[in-house]
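Colleague:
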Amino acid sequence: MLGKVEDALISTGYDELVNQARRGTAEGAEYERFMLLCDLVETHITTPGDKNDSSERWEAVQVITTCLRGLRRTADSAHPAAQVSQRSYA
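Note that this note's numbering has the sequence shown beginning at 52, numbered continuously upward.
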């Protein structure tokens, strides 16, 4: 799943976010890199800037953040380290 997300981001011009996530995590830490990448993308798209803040853009941001939350939940439920971490807080 991580490779597909990275490829999609690179093909749409977000290669710097992919590179930043790769630099921010250890090699082989796919789960951590995926979660960091989700955070970076969400921060990037929800940060006001020079972009057109039209209602269409706002709707697109809402769809993307909803998808990211779903992907995070899927990754958390599938990753053994996340399950151990969740149990320790229960």
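All C-beta atoms, glycine included, are put in the ideal place defined by N, C-alpha and C. All values reported here derive from a predicted model rather than from experimental measurement.
1. Take the Cβ of Glu57 as the centre, count every other Cβ of all protein chains shown within 10 Å, and call the residue buried at 16 or more, exposed below.
2. Measure the C-alpha to C-alpha separation of Glu83 and Thr76 and round it to an integer number of angstroms.
3. Take the Cβ of Val69 as the centre, count every other Cβ of all protein chains shown within 10 Å, and call the residue buried at 16 or more, exposed below.
4. With 16 as the cutoff for other CB atoms within 10 Å, does Met86 come out buried or exposed?
5. Which two residues bound the contiguous alpha helix (DSSP H) that contains His130?
Modeller: On the basis of the coordinates in this document:
1. Here residue 57 is taken as the residue at index 6 of the sequence shown, counted from 1. Burial call: buried.
2. For the purposes of this step, residue 83 is taken as residue 32 along the sequence shown, with counting starting at 1. For the purposes of this step, residue 76 is taken as residue 25 along the sequence shown, with counting starting at 1. Roughly 7 Å separates the two Cα atoms.
3. Numbered from 1 along the sequence shown, position 18 holds the residue referred to as residue 69. Val69 comes out buried.
4. Here residue 86 refers to the residue found at position 35 of the sequence shown. Buried.
5. Taking the first residue of the sequence shown as 1, we reach residue 130 at position 79. Premise fails: His130 is in no alpha helix (DSSP H) and is neither H nor E.
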